[in-house]
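Participant: Take 1464 as the starting number for the sequence shown in this note's numbering and just add one per residue.
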Amino acid sequence: MKAVAAALKKAKKDKELLIQAGGNAVTVAGPASAGPKTVEEYQAEIDRLKKRKQEIIAAKPQLETAFAIAEAKPVNAHLMRRGDPENLGDEIPGDSPWF
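1. On the DSSP letters alone, give me the boundaries of the alpha helix (DSSP H) that Asp1547 sits inside.
2. Do you know offhand how far Lys1422's Cα is from Pro1556's?
3. Decide yes or no for the touch test of the segment 1503-1518 against the segment 1467-1481: beta carbon pairs closer than 8 Å, at least 3 of them.
4. By DSSP, does Lys1500 sit in helix, in strand, or in coil?
5. Could you name the residues that DSSP lists as bridge partners for Glu1554?
6. In its own chain, which residues sit with a C-beta less than 7 Å from the C-beta of Glu1479, not counting the 5 before and 5 after it?
7. Residues in its own chain within less than 8 Å of Met1543 by CB, not counting five upstream and five downstream?
8. Go through its chain and collect everything with a Cβ distance to Glu1504's Cβ below 6 Å, but skip five positions before and after it.
9. Just to confirm the assignment, what range does the alpha helix (DSSP H) spanning Lys1473 have?
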């Protein structure tokens, strides 16, 4: 993902530099076979990289949510029967742990 983001940033920068230079085709650092690029070629590369970035984001696994503990003012909570948050039991005071 970082490589795609870096390539996208570079392509956008190179396109802007080309537009500032008058929109003429320019040769950029890279393989000799790459040749000069036009604004349209940069835009096509930007579109391709944006699509690839979206594919990577879409392929990212969905993480399940979990209960977490944070430093805060203690509050009362309900006992969760069998760990089910929809099946609540007795209210437990949050001011001190039970030992």
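Every residue gets a Cβ at the ideal spot worked out from N, C-alpha and C, and that includes glycine.
If you're wondering where the values come from, they're calculated on a predicted model, not measured in any experiment.
Facilitator: Considering the structure as presented:
1. Working through the sequence shown from its first residue, we reach residue 1547 at position 84. Here Asp1547 belongs to no alpha helix (DSSP H), and DSSP marks it neither H nor E.
2. Not covered by the structure: residue 1422. The range shown for the chain is 1464 to 1562.
3. yes
4. Here the question's residue 1500 lines up with position 37 in the sequence shown. Of the three classes helix, strand and coil, the one that applies to Lys1500 here is strand, per DSSP.
5. Residue numbering aside, residue 1554 sits at position 91 when the sequence shown is read from its first letter. Paired residue(s): His1541.
6. Looking up residue 1479 in the sequence shown gives position 16. So the list is empty, once near-sequence residues are dropped.
7. Residue numbering aside, residue 1543 sits at position 80 when the sequence shown is read from its first letter. The residues are Asn1550, Leu1551 and Gly1552.
8. Here residue 1504 is taken as the residue at index 41 of the sequence shown, counted from 1. Within the same chain, Glu1504 has no close Cβ partners at all.
9. As a position in the sequence shown, residue 1473 is number 10, starting the count at 1. Note, Lys1473: alpha helix (DSSP H), Lys1465 to Gln1483.
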